[in-house]
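Visitor:
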Amino acid sequence: MSETFKGKSTSRRAFLRGAAAAGAGAITAGAAHSATPDPLITEPQPWAQGLGEGVDVTPYGLPIKFESDVVRRNVDWLTADTISSINFTPIHALDGTITPQGCAFERHHSGAIELAKEDYRLMINGLVDTPLVFSYADLERFPRENHVYFCECAANTGMEWAGAQLNGAQFTHGMIHNMEYTGVSLRTILAEAGVKPEGKWVYVEGADASSNGRSIPMEKALDDVLVAFKANGEALRKEHGYPVRLVVPGWEGNMWVKWLRRIEVTDAAVQSREETSKYTDTLEDGTSRKWTWAMDAKSVVTSPSPQAPITHGQGPLVITGLAWSGRGAITRVDVSKDGGKTWETARLAKPGERMALTRFYLDTTWDGNEMLLQSRAMDETGYVQPTKTQLRDVRGLNSIYHNNCIQTWWVKPNGEAENVEVS
Ligand SMILES: Nc1nc2c(c(=O)[nH]1)N[C@H]1C(S)=C(S)[C@@H](COP(=O)(O)O)O[C@H]1N2
Ligand SMILES: [Mo]
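In terms of our numbering, the numbers along the sequence shown are unbroken and rise by one, the last being 424.
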């Protein structure tokens with residue numbers, strides 16, 4: 002049940018600067034507003050000649066059929082089966098920052114379980130004054146908080162270390178979602194049980210077969226961790242931990258225990274098999290770095306991108322993407338059209354919020370020439386997202402986790418985009 006993915010292939014789209022400069026500028030501008038009569042304007046349309054669907058046809062609404070391709074997708078060869086597996090958020094097709102639960106990526110070690118609220122119990126034990134067990138109804142009686150946070154799997158972008166590999170932002174960067182959580186602060190629950198002075202860690206586990214046990218230092222547990230039961234206003238979906246999950250802002254997804262069953266206060270980190278592998282990244286010199294919990298600042302252009310090509314030809318173009326940092330708020334995002342030679346500062350749709358996705362836009366004009374599109378995030382600590390070369394110099398090629406390097410999309414004169422690397 003480790004999070005190791007099947008073999009990475011070597012670079013297959015290594016792209017050298019300037020190698021494909023020929024043939025640029027082939028696109029002719031299509032007029033945005035045509036003067037020729039348009040039947041959609043001049044003729045009565047079927048949807049205006051009859052009646053639409055009444056209320057109650059769909060008591061719980063789903064996206065209209067025309068959007069049926071905006072779904073989570075799996076990459077078959079990544080994992081051996083779909084039980085201990087992962088799928089990806091269609092970030093190339095979303096806008097704004099909130100991820101609808103229905104298309105938010107899932108990562109399970111032993112499948113998504115069905116646990117009713119009536120059967121739900123949360124136990125808190127270990128180095129506490131009073132071990133306690135809460136029902137779901139008990140949790141609802143504590144003061145609640147609302148916060149928007151991103152959850153990123155440590156393996157997000159993990160297949161891209163050795164070379165440009167998966168052709169789409171959904172697959173390279175889609176192990177992330179961003180929701181508004183409602184829940185009780187873990188601090189409140191720990192205070193109810195009374196943490197003994199020797200209590201330095203909490204060991205948290207889920208009710209599923211894998212249990213996904215993880216240790217979290219007490220400092221974080223008392224800071225901003227949430228015991229959450231709602232996401233985007235409604236109950237958590239089964240696949241996201243119904244009825245209760247842990248929310249560990251800014252830290253890697255594997256600590257966000259779903260179907261939260263037990264919190265044990267301990268004096269040291271519990272070294273489970275999972276933790277030894279999960280909390281470790283192999284470095285260039287063969288040594289490892291351990292306990293890399295916070296997700297470093299990262300960004301990606303979601304459109305245009307391989308799954309979201311430019312279809313309208315040259316002229317006005319909205320370049321957009323997402324930026325985030327596990328260490329605080331995003332303060333600035335720059336966009337390059339020439340593989341990092343020159344940069345323009347993008348517009349943030351809203352000021353960056355701590356440990357939440359930030360949407361950026363570059364409202365520009367496309368001349369129809371090829372672009373090597375990149376985005377580069379900066380956070381409130383002053384950290385700047387590294388290039389792939391900079392990251393490899395430190396971490397080598399054998400890593401899987403915590404790949405936060407700058408992504409490049411090669412946008413061709415026909416508007417199609419491809420995952421490439423610049424050297
Ligand atoms: N109980 C339990 N919690 C879990 C897991 C799991 O398999 N079981 N997977 C973890 C991992 S590795 C990640 S990345 C996140 C993913 O959360 P999501 O499925 O809501 O996207 O849940 C974490 N919490
Ligand atoms: Mo994960």
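Positions of the beta carbon are idealized from the N, C-alpha and C atoms, including for glycine.
Put E265 into one of helix, strand or coil per three-state DSSP.
Guide: By one-based count along the sequence shown, residue 265 stands at place 264. Residue state, collapsed to three classes: strand.
Visitor: V134 to W260, Cα distance in whole Å?
Guide: On the sequence shown, position 133 is the one that residue 134 refers to. On the sequence shown, position 259 is the one that residue 260 refers to. The alpha-carbon atoms of V134 and W260 are separated by roughly 15 Å.
Visitor: Taking the beta carbon of F67 as the centre, do at least 16 other beta carbons fall within 10 Å, making it buried, or is it exposed?
Guide: Locating residue 67 in the sequence shown gives position 66, where the first residue counts as 1. F67 should be labelled exposed.
Visitor: Taking the alpha carbon of K342 as the reference point, which residue from L374, G327 and P144 has its own alpha carbon closest?
Guide: Counted from its first residue, the sequence shown places residue 342 at position 341. With distances taken between Cα atoms, K342 lies closest to L374.
Visitor: Would you kindly work out how many angstroms separate the C-alpha atoms of I99 and L358, rounded to a whole number?
Guide: The residue given as residue 99 occupies position 98 in the sequence shown. The residue given as residue 358 occupies position 357 in the sequence shown. Whole-angstrom Cα-Cα distance: 8 Å.
Visitor: Among D224, D139, T321 and G112, which residue has its Cα nearest to the Cα of E240?
Guide: Locating residue 240 in the sequence shown gives position 239, where the first residue counts as 1. For E240, the nearest C-alpha among the options comes from G112.
Visitor: Does any heavy atom of ligand 1 sit closer than 8 Å to the C-beta of V258?
Guide: Residue numbering aside, residue 258 sits at position 257 when the sequence shown is read from its first letter. Yes, ligand 1 has a heavy atom inside 8 Å of this Cβ.
Visitor: State the Cα-Cα distance for the pair G207 and N213, rounded to the nearest angstrom.
Guide: Along the sequence shown, one-based indexing puts residue 207 at 206. Along the sequence shown, one-based indexing puts residue 213 at 212. Taking the straight line joining both Cα atoms gives about 6 Å.
Visitor: Counting C-beta neighbours from all protein chains within 10 Å, is the total for T390 16 or more, i.e. buried, or is it exposed?
Guide: Position 389 of the sequence shown holds residue 390. The residue is exposed, with fewer than 16 neighbouring Cβ atoms inside 10 Å.
Visitor: State the Cα-Cα distance for the pair T90 and A269, rounded to the nearest angstrom.
Guide: For this step, residue 90 is matched to residue 89 along the sequence shown. For this step, residue 269 is matched to residue 268 along the sequence shown. So the two alpha carbons sit approximately 35 Å from each other.
Visitor: Ignore the nearest five residues each way along the sequence and tell me which others in A305's own chain have a CB closer than 6 Å to its CB.
Guide: Locating residue 305 in the sequence shown gives position 304, where the first residue counts as 1. This sequence places Pro at residue 305; Ala is not what is there. Excluding sequence neighbours, P305 sits near I311, V412 and A418.
Visitor: Which residues in the same chain as A105 place their Cβ atom closer than 6 Å to its Cβ, once the five residues preceding and following it in sequence are excluded?
Guide: Here residue 105 corresponds to residue number 104 of the sequence shown, with the count starting at 1. So the qualifying residues of the chain are T90 and H178.
Visitor: Hey, is M176 close to ligand 2, as in C-beta under 8 Å from one of its heavy atoms?
Guide: Within the sequence shown, numbered from 1, the residue matching residue 176 stands at position 175. Result yes, Cβ under 8 Å from ligand 2.
Visitor: Is N255 near ligand 2, with its Cβ less than 8 Å from a heavy atom?
Guide: Sequence index remark: in the sequence shown, residue 255 carries index 254 (1-based). Correct: N255 has its Cβ closer than 8 Å to ligand 2.
Visitor: When DSSP labels each residue in this structure, what does G416 get in the three-state scheme?
Guide: Counted from its first residue, the sequence shown places residue 416 at position 415. In this structure, G416 counts as coil in the three-state DSSP scheme.
Visitor: Inspect the beta-carbon positions of V266 and N126 and report whether they are closer than 9 Å.
Guide: Taking the first residue of the sequence shown as position 1, residue 266 is located at position 265. Taking the first residue of the sequence shown as position 1, residue 126 is located at position 125. Yes, they are a contact pair.
Visitor: Which residues does DSSP list as the beta-bridge partners of P317?
Guide: Your numbering for residue 317 matches position 316 in the sequence shown. For P317, which the question treats as bridged, DSSP gives the partners T366.
Visitor: Considering only C-alpha positions, which residue in the set W162, D139, V302 and Y121 is nearest to L323?
Guide: On the sequence shown, position 322 is the one that residue 323 refers to. When only C-alpha atoms are compared, the closest one is V302.
Visitor: Contact check, V196 vs L128 under 8 Å by CB: the rounded distance?
Guide: Within the sequence shown, residue 196 is the residue found at index 195, counting from 1. Within the sequence shown, residue 128 is the residue found at index 127, counting from 1. Correct: roughly 7 Å between the Cβ atoms.
Visitor: For ligand 2, is there a heavy atom less than 8 Å away from the beta-carbon of I217?
Guide: Taking the first residue of the sequence shown as 1, we reach residue 217 at position 216. Checking every heavy atom of ligand 2 against the Cβ of I217, none is found closer than 8 Å.
Visitor: Whose C-beta lies closer than 6 Å to the C-beta of A94 among residues of the same chain, with five residues either side of it excluded?
Guide: To locate residue 94, count along the sequence shown from 1; it is residue 93. Excluding residues within five positions, the ones whose Cβ falls inside 6 Å are V71.
Visitor: In three-state DSSP terms, what is I311?
Guide: Walking along the sequence shown from the start, residue 311 turns up at place 310. If DSSP states are grouped into helix, strand and coil, I311 belongs with coil.
Visitor: From what residue to what residue does the alpha helix (DSSP H) around M180 run?
Guide: Residue 180 sits at position 179 when you count from the first residue of the sequence shown. No alpha helix (DSSP H) holds M180; the beta strand (DSSP E) holding it covers I177 to S186.
Visitor: Around the Cβ of E425, are there at least 16 other Cβ atoms within 10 angstroms (buried) or fewer (exposed)?
Guide: Residue 425 lies beyond the range of the chain shown here (2 to 424); nothing can be said about it.
Visitor: Anyone know if the C-beta pair for M124 and C152 falls short of 9 Å?
Guide: Position 123 of the sequence shown, counted from the first residue, corresponds to residue 124. Position 151 of the sequence shown, counted from the first residue, corresponds to residue 152. Cβ distance not < 9 Å, so M124 and C152 don't count as in contact.
Visitor: Please list, in chain order, all residues of the same chain as A170 whose beta carbon is under 6 Å from its beta carbon, the five residues on each side excluded.
Guide: In the sequence shown, residue 170 corresponds to position 169, counting from 1. Correct list, in chain order: I92, H93, V301, T303 and S306.
Visitor: Who are the Cβ neighbours of F172 in its own chain at under 7 Å, not counting the five residues just before and after it?
Guide: Taking the first residue of the sequence shown as 1, we reach residue 172 at position 171. Excluding positions up to five away in sequence, the list reads V76 and F89.
Visitor: Where does W48 fall in DSSP's three states?
Guide: Translated into the one-based positions of the sequence shown, residue 48 becomes position 47. Note: W48 maps to helix in three-state DSSP.
Visitor: So, with DSSP's three-state summary, where would you put G322?
Guide: Taking the sequence shown and counting its residues from 1, one reaches residue 322 at position 321. Note: G322 maps to strand in three-state DSSP.
Visitor: Is R238 near ligand 2, judged by its Cβ being under 8 Å from some heavy atom?
Guide: As a working note, residue 238 is residue 237 in the sequence shown. It does not: the Cβ of R238 is nowhere closer than 8 Å to a heavy atom of ligand 2.
Visitor: Across which residues does DSSP place G242 in a beta bridge pair?
Guide: The residue you call residue 242 lines up with position 241 of the sequence shown. DSSP, once it has assigned bridges, lists no residue as partnering G242.
Visitor: Ligand 1 and H148: does the residue's C-beta get closer than 8 Å to at least one heavy atom of that ligand?
Guide: By 1-based counting over the sequence shown, the position of residue 148 is 147. It does not: the Cβ of H148 is nowhere closer than 8 Å to a heavy atom of ligand 1.
Visitor: If you measure from the CB of F106, is any heavy atom of ligand 1 nearer than 8 Å?
Guide: Position 105 of the sequence shown, counted from the start, is the residue given in the question as residue 106. Yes; taking the cut-off as 8 Å, the Cβ of F106 has a heavy atom of ligand 1 nearer than that.
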